[in-house]
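One structure is given here, and the rest of the page talks about it.
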Amino acid sequence: MNQPSAFQWSQLGDIEIGRPNMGTQTHVNVYRLLQHSLRHVLERQYGQAASNDLFFKAGKISGQEFCRHNMNGDLPFFDFIPHLQAKLRDLGIGILRIEHSNPQNFHITLTIEEDLDCSGTPVTGQTLCHYDEGFLAGIFECYSGHEMEARELECWGTGSQTCRFEIFKKS
Amino acid sequence: MTDSEVMRLLAMGMKQMPTSAERPPERPPLPPDQCSPAAREVLQLSRELAQVRTIAFDAVQQMSLGNLDFELPRDNAFFSPIKDLQAKLKHLVWQTNRLAQGDYHQQIDFLGDFATSFNQLIQSLRERRSIEQELERSNQQFKLIAENTLDVIWKIDLATMRYNYISPSVLGMRGYTVQEAMSQSVEESLTPASAQQALTTLQSYLSKPELANLYVCDEYQQPCKDGRIIDIELTATVVFDANGQPIEIVGVTRDITRRKATETALRRSEANLAKLLKRQTQANKKLNRQLQYFYDHTVNAIAFFDIDAHRIRITKCNQRWAMALGMTPNDVENRDIDDLIDPESSRMYHSLIDRAMAAGATIQEQCFWRGKHIEVVLIPIVNEQTQRIDQGAALVYDVSERKEMERQLTQIGIRIETRERRQLAADLHDNVGPLLSSMNMYLSTLARKPEIAPHAALVNDVRDILREAITSVREISNNLSPQVLTNYGLTSALELFFETKQKLICIRHTNTLGDLRFNELKEIMCYNIIKELYNNTIKYADATAIDLSLSQCDGKIFIQYRDNGKGFDLAQKMAEPSNNLGLFSIINRINNLDGTYQMDTASGQGFLVNIEFPL
Numbered sequence: 000m001n002q003p004s005a006f007q008w009s010q011l012g013d014i015e016i017g018r019p020n021m022g023t024q025t026h027v028n029v030y031r032l033l034q035h036s037l038r039h040v041l042e043r044q045y046g047q048a049a050s051n052d053l054f055f056k057a058g059k060i061s062g063q064e065f066c067r068h069n070m071n072g073d074l075p076f077f078d079f080i081p082h083l084q085a086k087l088r089d090l091g092i093g094i095l096r097i098e099h100s101n102p103q104n105f106h107i108t109l110t111i112e113e114d115l116d117c118s119g120t121p122v123t124g125q126t127l128c129h130y131d132e133g134f135l136a137g138i139f140e141c142y143s144g145h146e147m148e149a150r151e152l153e154c155w156g157t158g159s160q161t162c163r164f165e166i167f168k169k170s
Numbered sequence: 000m001t002d003s004e005v006m007r008l009l010a011m012g013m014k015q016m017p018t019s020a021e022r023p024p025e026r027p028p029l030p031p032d033q034c035s036p037a038a039r040e041v042l043q044l045s046r047e048l049a050q051v052r053t054i055a056f057d058a059v060q061q062m063s064l065g066n067l068d069f070e071l072p073r074d075n076a077f078f079s080p081i082k083d084l085q086a087k088l089k090h091l092v093w094q095t096n097r098l099a100q101g102d103y104h105q106q107i108d109f110l111g112d113f114a115t116s117f118n119q120l121i122q123s124l125r126e127r128r129s130i131e132q133e134l135e136r137s138n139q140q141f142k143l144i145a146e147n148t149l150d151v152i153w154k155i156d157l158a159t160m161r162y163n164y165i166s167p168s169v170l171g172m173r174g175y176t177v178q179e180a181m182s183q184s185v186e187e188s189l190t191p192a193s194a195q196q197a198l199t200t201l202q203s204y205l206s207k208p209e210l211a212n213l214y215v216c217d218e219y220q221q222p223c224k225d226g227r228i229i230d231i232e233l234t235a236t237v238v239f240d241a242n243g244q245p246i247e248i249v250g251v252t253r254d255i256t257r258r259k260a261t262e263t264a265l266r267r268s269e270a271n272l273a274k275l276l277k278r279q280t281q282a283n284k285k286l287n288r289q290l291q292y293f294y295d296h297t298v299n300a301i302a303f304f305d306i307d308a309h310r311i312r313i314t315k316c317n318q319r320w321a322m323a324l325g326m327t328p329n330d331v332e333n334r335d336i337d338d339l340i341d342p343e344s345s346r347m348y349h350s351l352i353d354r355a356m357a358a359g360a361t362i363q364e365q366c367f368w369r370g371k372h373i374e375v376v377l378i379p380i381v382n383e384q385t386q387r388i389d390q391g392a393a394l395v396y397d398v399s400e401r402k403e404m405e406r407q408l409t410q411i412g413i414r415i416e417t418r419e420r421r422q423l424a425a426d427l428h429d430n431v432g433p434l435l436s437s438m439n440m441y442l443s444t445l446a447r448k449p450e451i452a453p454h455a456a457l458v459n460d461v462r463d464i465l466r467e468a469i470t471s472v473r474e475i476s477n478n479l480s481p482q483v484l485t486n487y488g489l490t491s492a493l494e495l496f497f498e499t500k501q502k503l504i505c506i507r508h509t510n511t512l513g514d515l516r517f518n519e520l521k522e523i524m525c526y527n528i529i530k531e532l533y534n535n536t537i538k539y540a541d542a543t544a545i546d547l548s549l550s551q552c553d554g555k556i557f558i559q560y561r562d563n564g565k566g567f568d569l570a571q572k573m574a575e576p577s578n579n580l581g582l583f584s585i586i587n588r589i590n591n592l593d594g595t596y597q598m599d600t601a602s603g604q605g606f607l608v609n610i611e612f613p614l
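Taken in sequence, the protein lines are chains A and B. Mapping of the first sequence onto numbering that gives the first Met the number 0: position 12 corresponds to residue 11, and the numbering continues sequentially without gaps. Mapping of the second sequence onto numbering that gives the first Met the number 0: position 505 corresponds to residue 504, and the numbering continues sequentially without gaps.
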């Protein structure tokens, strides 16, 4: 398991009070601008591998906190999945579809269509969704209580229109 | 190979590409020197295109065969739609598996019309499962009711007129097992009369289509396994098929034997009750008539009233009551008693009611009202609902005449007693006294004789006894009819009386009457009252001092008598006349003097009485 994070949900602030007119939504471009510019800086500073790792770790913290504050972790596995699907869709993160699932060992293969991070981006020959990997691993880690790993198999960056992830318990 | 030959070969291969299902043959590598570099590059691209086409073809073919576990090359957007389709189909397979597991929450939003059909299918399955669950729940409830109710639920197949279902409760009701009951025909399951009745009802029911789906409820009789016949209440309806043809009778049978017996007993009881009620009503009417007659014709005044806090409102009164106030019953009824009578009388009623309510019982008391002696009987009435006294009845009768007769009788008695006392006192004084004195004289003479000398002591004892007898006779005579009272009046008689009592108790005697003389009978009664008060003090009070004061003013004599004894509970003593004759004798004498009195005493607080009476 990772060391306890210093991140606190309260740091997100009270958006209803803070943005009474602008509301809770923003443009996807703004989100991507932040992520890609940050990636650019990190790759320049630390190299691509380190940058990918940093995104994964950040995503994992996000996934854990997201699950803790937005999800009902007491649901049985097959009720948790539609609950997660609905959350990801409602928040505009992507359309989750399960290709394979084994609740016993938490080995899951899933796809995210219209992914917030990469959908529509040019083919670069590399997977782009390291933050998503961490995010999904964090969610299932919080839900299962096991340390989880996630790996992106297909991505818009590798020429696929659907991101495919494999999620499994860390050995 | 020249460029033109390369182009021809290329054209031929491309012509085959969109239509052939076969794999393109492997082509041998071309010698580099037989065509131009441009033609060679085009030929290489065509080979790669053929390869991509082959991979895509294979992938689609795999998918058409149901195999989704294949991998397509990365970094080639050409395969993107196939990968997308592969992902969606894989998800569809996963969803179908979940569906097979009974998870009807699956929805798809891809594959166009298929998604619509799939989602409709899921919705149908969901509704069907909901219906099945409802049906199962309903079945479970029915089973629970059928197996646990005391009533018997059953069905009859109209085609065969045989039971096709009977609930297990038939065992408890009739003693037959389900199998035994099912083996019986409908006729066998009812008594012959009931079977005939049931058949007639069924025929009538089936002949009237408008009765379809209506329940019929009737009473029948059924035989039990042990030979008993039980009364049943049967509720049934006919079930029709989709074509409107009757197919089954569904019914519930309830054992009402006990209820019927209870109803019979109840009817009998009701009849008896009606008789009793009639008899009672007649008796009540008679009683009411008698009471009404009494109420209207009695010489007593009767009134009923409501008591609300400190208000007394007359609700009903008879003629006598109203007449006493110079009014009619209509004038009096529904008015506050305070508005009808003078304040003194009002206080009297309030006092009586307060005491009756405090005692929670009927009280009877004599009062002097408007120059008349009346006796009031006050009956508090308890409200049955609140258990509080909020009503009362008063019965008032004039006892003036009786009181006057009593007074006259008492005075006659006193006169007779006085005369007899006086006669007895005179006899004692004039006859017994001289005789005893003569005996004393003779005994003195006898004592002087010498032959008696040896018995001098004995003779002296006899003389002492004789002197005591003479003194006693004188005292008795005086007590019976004090000569001093007759000759010198009350003041002298009391002085003489207390003279000999000072050695028993401290007596402080104040008398301003002097030589005042008044009616002899009154003097005697007054003397006797004081003597009785003194006797009570000596007998019961454990007192050490008596204060007596006599005075006169405005034609009245005032007596105040007080002791410092242990006192007593006056109310308790007054409630027990038979045990307190002395006290009541005093009160009686005061009444005979036409006097009034006020007593004040309590346990440990001595005794005080103020008496006044007219001269």
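Cβ atoms here follow ideal geometry from the backbone N, Cα and C, with glycine treated the same way.
Do residue j and residue i come within 8 Å of each other at the CB atom, strictly closer than that value?
i: proline 222(B); j: threonine 261(B); result: no
i: cysteine 128(A); j: cysteine 66(A); result: no
i: tyrosine 526(B); j: leucine 547(B); result: no
i: tyrosine 214(B); j: alanine 194(B); result: no
i: leucine 135(A); j: glycine 62(A); result: yes
i: lysine 315(B); j: glutamate 343(B); result: no
i: arginine 38(A); j: phenylalanine 54(A); result: yes
i: arginine 173(A); j: histidine 90(B); result: The shown model of chain A, from 0 to 170, leaves out residue 173(A), and the question about it has no answer.
i: asparagine 535(B); j: glycine 581(B); result: yes
i: glycine 554(B); j: leucine 614(B); result: yes
i: aspartate 230(B); j: threonine 256(B); result: yes
i: valine 472(B); j: leucine 435(B); result: yes
i: valine 376(B); j: glutamine 363(B); result: yes
i: isoleucine 340(B); j: leucine 324(B); result: yes
Ends of the beta strand (DSSP E) at residue i?
i: phenylalanine 601(B); result: Per the sequence shown, the amino acid found at residue 601(B) is alanine instead of phenylalanine. Looking at the DSSP string, alanine 601(B) is not in any beta strand (DSSP E), and its letter there is neither H nor E.
i: histidine 99(A); result: 94-101
i: methionine 147(A); result: 147-153
i: valine 659(B); result: With chain B covering only 0 through 614, there is no way to say anything about residue 659(B).
i: tyrosine 396(B); result: 388-397
i: glutamine 571(B); result: No beta strand (DSSP E) holds glutamine 571(B); the alpha helix (DSSP H) holding it covers 569-573.
Mind checking which residues open and close the alpha helix (DSSP H) that includes residue i?
i: serine 166(B); result: Careful: serine 166(B) lies outside any alpha helix (DSSP H) and carries neither H nor E.
i: proline 222(B); result: No alpha helix (DSSP H) contains proline 222(B), which is instead part of the beta strand (DSSP E) from 215-222.
i: alanine 284(B); result: Sequence inspection shows lysine at residue 284(B); the alanine mentioned does not correspond to that position. Looking at the DSSP string, the run of the alpha helix (DSSP H) that includes lysine 284(B) is 256-296.
i: phenylalanine 139(A); result: 129-143
i: glutamate 135(B); result: 112-147
i: asparagine 28(A); result: 27-45
i: lysine 679(B); result: Residue 679(B) is absent from the structure shown; chain B starts at 0 and stops at 614.
i: aspartate 102(B); result: Per DSSP, aspartate 102(B) belongs to no alpha helix (DSSP H) and is neither H nor E.
i: tryptophan 320(B); result: 318-323
What residues from chain A crowd round residue i, counting only those whose CB sits closer than 7 Å?
i: phenylalanine 117(B); result: The premise fails here: phenylalanine 117(B) is roughly 13 Å from chain A at the closest Cβ pair, so nothing lies under 7 Å.
i: aspartate 83(B); result: Gln160, Thr161
Compute the minimum distance between the beta carbon of residue i and the heavy atoms of the ligand ADP, and state whether it is under 7 Å.
i: arginine 161(B); result: Judged by which ligands are present, the structure shown has none, so any question about the ligand ADP falls away.
Determine the chain B residues that contact residue i at a beta-carbon separation under 9 Å, and present them in chain order.
i: glycine 183(A); result: Because chain A in this structure spans residues 0 to 170, residue 183(A) falls outside the shown range and cannot be described.
i: phenylalanine 77(A); result: Arg97, Gln100, Asp102, His104
i: threonine 25(A); result: Going along chain B, no residue has its Cβ under 9 Å from threonine 25(A), so there is no contact; the nearest lies around 25 Å.
Which bits of chain B does residue i rub up against, with CB to CB less than 7 Å?
i: glutamate 98(A); result: Ala86, Lys89, His90, Trp93
i: proline 81(A); result: His104
List, in chain order, every chain A residue whose beta-carbon is nearer than 9 Å to that of residue i.
i: phenylalanine 78(B); result: Gly158, Ser159
Query raised in the report: Listed in chain order, which residues of the region 141-161 of chain A have Cβ atoms closer than 8 Å to some Cβ of chain B?
Result: Glu153, Thr157, Gly158, Ser159, Gln160, Thr161
Query - At least three beta-carbon pairs within less than 8 Å, the region 513-521 of chain B to the region 562-577 of chain B - result: no
Report task. Give, in chain order, every residue of the region 97-112 of chain B whose Cβ lies closer than 7 Å to some Cβ of chain A. Result -> Against chain A - using a Cβ distance shorter than 7 Å - the residues of the region 97-112 of chain B are Arg97, Asp102, His104.
Query raised in the report: Below 8 Å, can you find three or more Cβ-Cβ pairs linking the region 134-153 of chain A to the region 42-61 of chain B?
Result: Contact between the region 134-153 of chain A and the region 42-61 of chain B is absent, because fewer than three Cβ pairs lie under 8 Å.
Report task. Evaluate the contact criterion for the region 278-289 of chain B versus the region 178-188 of chain B: three or more CB pairs, one atom per stretch, below 8 Å. Result -> no
Requested in this report: Mind checking the region 104-137 of chain A against chain B and listing, in chain order, the residues whose C-beta falls within less than 7 Å of any C-beta there?
Outcome: Thr110, Val122, Gly124
Query raised in the report: Between the region 144-153 of chain B and the region 121-130 of chain B, do three or more beta carbon pairs fall short of 8 Å?
Result: no
Requested in this report: Check whether the region 96-113 of chain B touches the region 65-79 of chain B, counting contact only when three or more Cβ pairs, one atom from each stretch, lie closer than 8 Å.
Outcome: No: fewer than three Cβ pairs fall under 8 Å.
Report task. Say whether the region 74-91 of chain A touches the region 36-52 of chain B, bearing in mind that this needs 3 or more beta-carbon pairs closer than 8 Å, one atom from each stretch. Result -> no
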